[in-house]
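Before any comments, here is the structure.
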Amino acid sequence: MTGRQLPAHIAAALAGNTADSAGRPWAGRDLSGPENPLHSFDDDDGAADPRLAEAVAGLLGPADQPGPHERAVLTALRTARVFIPIVAQLGEGGDAASGLQADKEADMALVTLTAPDGRKALPVFSSTQALGRWHPEARPVAAYAPRAALAAAAEQAELLVLDPGADVTFVVRRPAVWALAQQAEWTPSYEDPALASLVEVAAGKGEDILSVALRPGAGVLTRSADGSIASGGGPGPELRMDLQLRAGLSPQEVRDAVSAFRARLLGLTEFVERVDSLDIKLTR
Numbered sequence: 001m002t003g004r005q006l007p008a009h010i011a012a013a014l015a016g017n018t019a020d021s022a023g024r025p026w027a028g029r030d031l032s033g034p035e036n037p038l039h040s041f042d043d044d045d046g047a048a049d050p051r052l053a054e055a056v057a058g059l060l061g062p063a064d065q066p067g068p069h070e071r072a073v074l075t076a077l078r079t080a081r082v083f084i085p086i087v088a089q090l091g092e093g094g095d096a097a098s099g100l101q102a103d104k105e106a107d108m109a110l111v112t113l114t115a116p117d118g119r120k121a122l123p124v125f126s127s128t129q130a131l132g133r134w135h136p137e138a139r140p141v142a143a144y145a146p147r148a149a150l151a152a153a154a155e156q157a158e159l160l161v162l163d164p165g166a167d168v169t170f171v172v173r174r175p176a177v178w179a180l181a182q183q184a185e186w187t188p189s190y191e192d193p194a195l196a197s198l199v200e201v202a203a204g205k206g207e208d209i210l211s212v213a214l215r216p217g218a219g220v221l222t223r224s225a226d227g228s229i230a231s232g233g234g235p236g237p238e239l240r241m242d243l244q245l246r247a248g249l250s251p252q253e254v255r256d257a258v259s260a261f262r263a264r265l266l267g268l269t270e271f272v273e274r275v276d277s278l279d280i281k282l283t284r
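This note's numbering puts the first residue of the sequence shown at 1, with every later residue one more than the last.
Written out as structure tokens, the structure is:
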């Protein structure tokens, strides 16, 4: 977990907010009204957005495919208020111009996480309660989720992690983060007809490829805190391709065919933009 300089819009949201310099906890506080300069969300009690909470709860229901449930969470995020955690970081002390010893200064910084694959992720929270359970000393900065996605881009974070440490944690992958930042609809790669067409063209250029099928990757599903399977929001891999090659190929020819196919896919800008992580499986 690392801290970085705040983006300008979050720094502006905190300007003049010194009420917590004594360390008064945020949990249970009323975030509404003109007395709180932290954000401009009137009548906000810090509770989770009902539509977002319902969509996340829907991940635990029975499902044949995770796609519709993941889309429901992203649709809810397009209009949901979330909380971005920031923490105080002490700077170095030193000698002031007067010759006296200067105290250490405290700066506020975003909190970022490192995903298992090494990528940077920005944690966001549906409620102040969820944030407080995860990091009691972090301050909540309220923002609409698309604004949080823009903050993630500014931090060069490819992922958003919704409610880490909660009963259900949902990972918003890079293509969905980009769509959220633009307030555009998002379609999972494993059920995207336009992407399937791109893959068919790339497969058709390889004489050793008989067929290719797209399906959700093993990393789409995740588990809740009690071990129940949630039908979406896992960290990846997101897309699985079942690749059927012609019979009689040597091991080296198989490796060459798969490598060439992957290279053609990665050479397609639209494919790279639509797919977060890929797992290719050979089938008979």
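We put the CB at the ideal spot given by N, CA and C, even for glycine.
**Item:** Segment limits, beta strand (DSSP E) that includes ASP242
**Value:** Locating residue 242 in the sequence shown gives position 242, counting from the first residue. That run of the beta strand (DSSP E) goes 239-245.
**Item:** Opposing strand residues paired with SER211 [DSSP bridges]
**Value:** Numbered from 1 along the sequence shown, position 211 holds the residue referred to as residue 211. For SER211, which the question treats as bridged, DSSP gives the partners GLN244.
**Message:** Less than 7 Å between C-beta atoms, sequence neighbours within five positions excluded: which residues of the same chain meet that for ILE229?
**Reply:** Against the sequence shown, residue 229 aligns to sequence position 229. Once the five neighbours on either side are set aside, the close Cβ partners of ILE229 are LEU221 and ARG223.
**Message:** Per the DSSP calculation, ASP279 is bridged to which residue(s)?
**Reply:** In the sequence shown, counting from the first residue as 1, residue 279 sits at position 279. Partner(s): ARG240.
**Where ARG223 sits in the DSSP three-state scheme** = For the purposes of this step, residue 223 is taken as residue 223 along the sequence shown, with counting starting at 1. Of the three classes helix, strand and coil, the one that applies to ARG223 here is strand, per DSSP.
**Prompt:** What is the DSSP secondary structure of THR112, reduced to helix, strand or coil?
**Reply:** Counted from its first residue, the sequence shown places residue 112 at position 112. Note: THR112 maps to strand in three-state DSSP.
**Request:** Excluding the 5 residues preceding and the 5 following SER189 in the sequence, name in chain order all residues of the same chain whose CB lies nearer than 8 Å to its CB.
**Result:** Translated into the one-based positions of the sequence shown, residue 189 becomes position 189. Excluding positions up to five away in sequence, the list reads PRO175, LEU195, LEU214, GLU238, LEU239, ARG274, VAL275 and ASP276.
**Message:** Short of 8 Å in beta carbon distance, which residues of its chain neighbour ASP226, apart from the five on each side in sequence? Order them along the chain.
**Reply:** As a first step, residue 226 is located in the sequence shown; it is residue number 226 there, counting from the start. Around ASP226: ASP167.
**Request:** Closer than 8 Å by C-beta to THR169: which residues in its own chain qualify, once you throw out the five before and the five after it? Chain order, please.
**Result:** For the purposes of this step, residue 169 is taken as the residue at position 169 of the sequence shown. Excluding residues within five positions, the ones whose Cβ falls inside 8 Å are VAL161, LEU162, ASP163, THR222 and GLY233.
**Prompt:** Taking just the CA atoms, how far does PRO235 sit from GLY219?
**Reply:** The count along the sequence shown starts at 1 and reaches residue 219 at position 219. The count along the sequence shown starts at 1 and reaches residue 235 at position 235. Near 6 Å, if we compare the C-alpha coordinates of PRO235 and GLY219.
**Extent of the continuous alpha helix (DSSP H) to which VAL254 belongs** = Position 254 of the sequence shown, counting from 1, holds the residue named residue 254. VAL254 -> alpha helix (DSSP H) spans 251-266.
**Message:** I need the boundaries of the beta strand (DSSP E) containing ALA121, first residue and last residue.
**Reply:** Start at 1 with the first residue of the sequence shown, and residue 121 comes out as number 121. Taken as a continuous stretch (DSSP letters only), the beta strand (DSSP E) holding ALA121 covers 120-124.
**Message:** Between the stretch 42-54 and the stretch 121-130, can you find at least three pairs of beta-carbon atoms closer than 8 Å?
**Reply:** Flag = yes, the stretch 121-130 and the stretch 42-54 touch.
**Message:** Whether or not the stretch 135-154 and the stretch 72-92 are in contact is what I'm after, with contact meaning three or more pairs of Cβ atoms, one per stretch, closer than 8 Å; do they touch?
**Reply:** yes
**Asked** In its own chain, which residues sit with a C-beta less than 8 Å from the C-beta of ARG133, not counting the 5 before and 5 after it?
**Response** The residue you call residue 133 lines up with position 133 of the sequence shown. Excluding residues within five positions, the ones whose Cβ falls inside 8 Å are GLY165 and ALA166.
**Request:** Compare the C-alpha of VAL201 against each of ALA55, ALA80, GLU270 and SER231 and name the closest.
**Result:** One-based indexing of the sequence shown puts residue 201 at position 201. Of the listed residues, the one whose Cα sits closest to VAL201 is GLU270.
**Message:** Taking a contact to mean a Cβ-Cβ separation below 8 Å, would you say ALA145 touches ARG78 in this structure?
**Reply:** In the sequence shown, residue 145 corresponds to position 145, counting from 1. In the sequence shown, residue 78 corresponds to position 78, counting from 1. Yes, they are a contact pair.
**Request:** Locate the beta strand (DSSP E) running through LEU162, then write down its first and last residues.
**Result:** The count along the sequence shown starts at 1 and reaches residue 162 at position 162. Run containing LEU162: 159-162, per the beta strand (DSSP E) assignment.
**Message:** DSSP three-state label for PRO136, please.
**Reply:** Within the sequence shown, residue 136 is the residue found at index 136, counting from 1. Coil, per DSSP.
**Asked** How many angstroms separate the CA atom of SER197 from the CA atom of ALA203?
**Response** As a first step, residue 197 is located in the sequence shown; it is residue number 197 there, counting from the start. As a first step, residue 203 is located in the sequence shown; it is residue number 203 there, counting from the start. Distance between the alpha carbons of SER197 and ALA203 is about 10 Å.
**Request:** Give me the Cα-Cα distance between GLN252 and SER259, rounded to the nearest whole angstrom.
**Result:** The count along the sequence shown starts at 1 and reaches residue 252 at position 252. The count along the sequence shown starts at 1 and reaches residue 259 at position 259. Spanning the two alpha carbons is a distance of roughly 10 Å.
**Asked** Does DSSP classify VAL199 as helix, strand or coil?
**Response** Numbered from its first residue, the sequence shown carries residue 199 at position 199. Of the three classes helix, strand and coil, the one that applies to VAL199 here is helix, per DSSP.
**Prompt:** Closest to ASP242 by CA distance: which of PRO116, VAL111, LEU210 and LEU110 is it?
**Reply:** Position 242 of the sequence shown, counted from the start, is the residue given in the question as residue 242. The candidate whose alpha carbon is nearest that of ASP242 is LEU210.
**Request:** For VAL272, name the three-state secondary structure that DSSP assigns.
**Result:** Position 272 of the sequence shown, counted from the first residue, corresponds to residue 272. It is helical.
**Prompt:** Where does GLU54 land, buried or exposed, given buried means 16+ other C-beta within 10 angstroms?
**Reply:** By 1-based counting over the sequence shown, the position of residue 54 is 54. Exposed, because fewer than 16 other Cβ atoms sit within 10 Å of the Cβ of GLU54.
**Item:** Identity of the residue in ARG147, ARG81 and ALA152 nearest VAL111 by Cα
**Value:** As a working mapping, residue 111 is identified with position 111 in the sequence shown. Checking every option, the nearest Cα to that of VAL111 belongs to ALA152.
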